[in-house]
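*Asks:* Here it is, the structure in full.
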Amino acid sequence: MPDFDPPISVPFSLIEEETVLLSSNWSKGGMIVQILFISLPLMVLSLMLLWAGGNVLVVGILAAVLSIASYFLAYLSWSKRMVFVTNLRVVLAAGLTDTVKTLSLSQIDQVTTTPSVVTVRAGSIMNTLVLSVPDTANLANCIDKARHTLL
1 MPDFDPPISV PFSLIEEETV LLSSNWSKGG MIVQILFISL PLMVLSLMLL WAGGNVLVVG
61 ILAAVLSIAS YFLAYLSWSK RMVFVTNLRV VLAAGLTDTV KTLSLSQIDQ VTTTPSVVTV
121 RAGSIMNTLV LSVPDTANLA NCIDKARHTL L
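Using this note's numbering, the first residue of the sequence shown is number 1, and each one after it goes up by one.
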């Protein structure tokens, strides 16, 4: 399993004897989708309104400000979303709200991968983490190795 050379900062409390085996940033896909469907159309609208000038100038400026704010919120949300695999659990630290979702390795029944998503299920669909990371194979392998080491 991968080891960490530099100490890492985790946004959750480690349990006694718990070590982080792998951390992964969130995939940029969600951020790109938010930019394409919210920020980019707002920016095009603002440029059109600014170019038209006159009575719509203020609306164009407002659309530009909203576009820039949307872009930065998407970036901040993406940059703070991380997945951690420890020797005891899988942890999703989710973005701006500091939400932490965990699944114990001993409870995990199934780990499946697609090219862009790792799905970790522990029993019911209510205990499922859908993890969008750049290297899905590495994350799935790390989870499987940690599960087998725990047994």
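All residues carry an ideal CB built from backbone N, CA and C; glycine is no exception.
(1) Starting from the Cα of residue 152, find the closest Cα among 143, 134, 87 and give me that residue.
(2) Could you give the DSSP three-state label for residue 76: helix, strand or coil?
(3) When DSSP labels each residue in this structure, what does residue 11 get in the three-state scheme?
(4) Drop a sphere of 10 angstroms on the beta-carbon of residue 48, count the other beta-carbons inside from all chains shown, and report buried for 16 or more, exposed for fewer.
(5) So residue 21 is in the beta strand (DSSP E); what residue range does that whole segment cover?
(6) With the cut-off set at 8 Å, would you say residue 24 and residue 139 are in Cβ contact?
(7) Just the Cα atoms here: how many angstroms apart are residue 102 and residue 129?
(8) Nearest to residue 44 by CA position, among 32, 136, 150, 61, is which residue?
(9) Counting only runs of 3+ residues fully inside the segment 63 to 111, write out the beta strand (DSSP E) ranges in chain order.
(10) Out of curiosity, what's the CA-to-CA distance linking residue 21 and residue 12?
(11) Considering Cα atoms alone, identify which of 125, 80, 104, 38 is closest to residue 96.
(12) Quick one: residues in its chain with C-beta nearer than 6 Å to the C-beta of residue 176, no 5 flanking neighbours on either side, listed in chain order?
(13) Residue 27: buried (16+ other C-beta within 10 angstroms of its C-beta) or exposed?
*Replies:* Let's see:
(1) Here the chain covers residues 1 to 151 and nothing more, so residue 152 does not appear.
(2) helix
(3) coil
(4) exposed
(5) 20 to 25
(6) yes
(7) 8 Å
(8) 61
(9) 82 to 86, 89 to 94, 99 to 104
(10) 15 Å
(11) 80
(12) It is not possible to answer for residue 176, since the shown part of the chain is limited to 1 through 151.
(13) buried
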